[in-house]
Amino acid sequence: MNLVTRPETMTNLQEIITGYRTTFQKQRFMAATAMKRMKNYIYWLYFQYLMITCCNDFEHWEQIVIHVFVTTTFTMLAYTAYVFIPIHLHLAYQFFLQFLIK
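This note's numbering applies: residue 20 is where the sequence shown begins, and numbers increase by one.
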């Protein structure tokens, strides 16, 4: 096993002498591990998206069309929810409030 390629097994002179890692070294290792886990999670989500949409079976131009369609649909859905849900919640609040006042 090559010690240089794995950050968790890398050592420096201070670690060899003292036998422990400093707080900064631990935090740097934890941050690198967290970033690696986040990258793997994003890759996993993208893989799930490819499996759900069956994009692996399509040609490249068909994949682009499907990606554009899905992105456009999701963007329109998010915008519509952002604009109209607060209005409807306000109107429902006003509607039920009039029953409580009477």
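For every residue, glycine included, the Cβ atom is placed at its ideal position computed from N, Cα and C.
Being a predicted model, the structure only gives us computed values, none of them experimental.
The alpha-carbon separation between F48 and M57 amounts to approximately 14 Å. Taking 4 residues as the minimum length, the region 81-119 contains no alpha helix (DSSP H) run wholly inside it. The Cβ atoms of T72 and I83 lie no closer than 8 Å to each other.
Secondary structure of C73 (DSSP, three-state): coil. Look at K121 here: in three-state DSSP terms it is coil, with no helix or strand label.
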